[in-house]
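Novice:
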Amino acid sequence: MSPRTGRPKSDNPKSEQIKIRATKQDKTLLENCCKITGKTQYEVVMDGIKKVYAENEK
Numbered sequence: 001m002s003p004r005t006g007r008p009k010s011d012n013p014k015s016e017q018i019k020i021r022a023t024k025q026d027k028t029l030l031e032n033c034c035k036i037t038g039k040t041q042y043e044v045v046m047d048g049i050k051k052v053y054a055e056n057e058k
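Numbering (the UniProt record's numbering), first residue to last: 1 to 58.
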């Protein structure tokens, strides 16, 4: 038999889920940020988390 095919396993799998409740305005702001930057919602949120963390680390 041939070896298993498919996507290779990640070194840092994204196994955790984060769910939030947001207003329509918040969702629209996120979608606009995605359009402007060309990033996914995940990437925009992670950029925000990293920015807040860096500011508070000082």
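Positions of the beta carbon are idealized from the N, C-alpha and C atoms, including for glycine.
Find out if the Cβ-Cβ distance for the pair residue 37, residue 45 is shorter than 9 Å.
Specialist: Translated into positions along the sequence shown, residue 37 becomes position 37. Translated into positions along the sequence shown, residue 45 becomes position 45. Not in contact: residue 37 and residue 45 (Cβ atoms no closer than 9 Å).
Novice: What is the DSSP secondary structure of residue 12, reduced to helix, strand or coil?
Specialist: Stepping through the sequence shown from its first residue, residue 12 is reached at position 12. Residue state, collapsed to three classes: coil.
Novice: To the nearest angstrom, how far is it from the Cα of residue 61 to the Cα of residue 24?
Specialist: There is no way to answer for residue 61, as the model of the chain reaches only from 1 to 58.
Novice: Where does residue 40 sit, in a helix, a strand or coil, going by DSSP?
Specialist: In the sequence shown, residue 40 corresponds to position 40, counting from 1. It is coil, neither helix nor strand.
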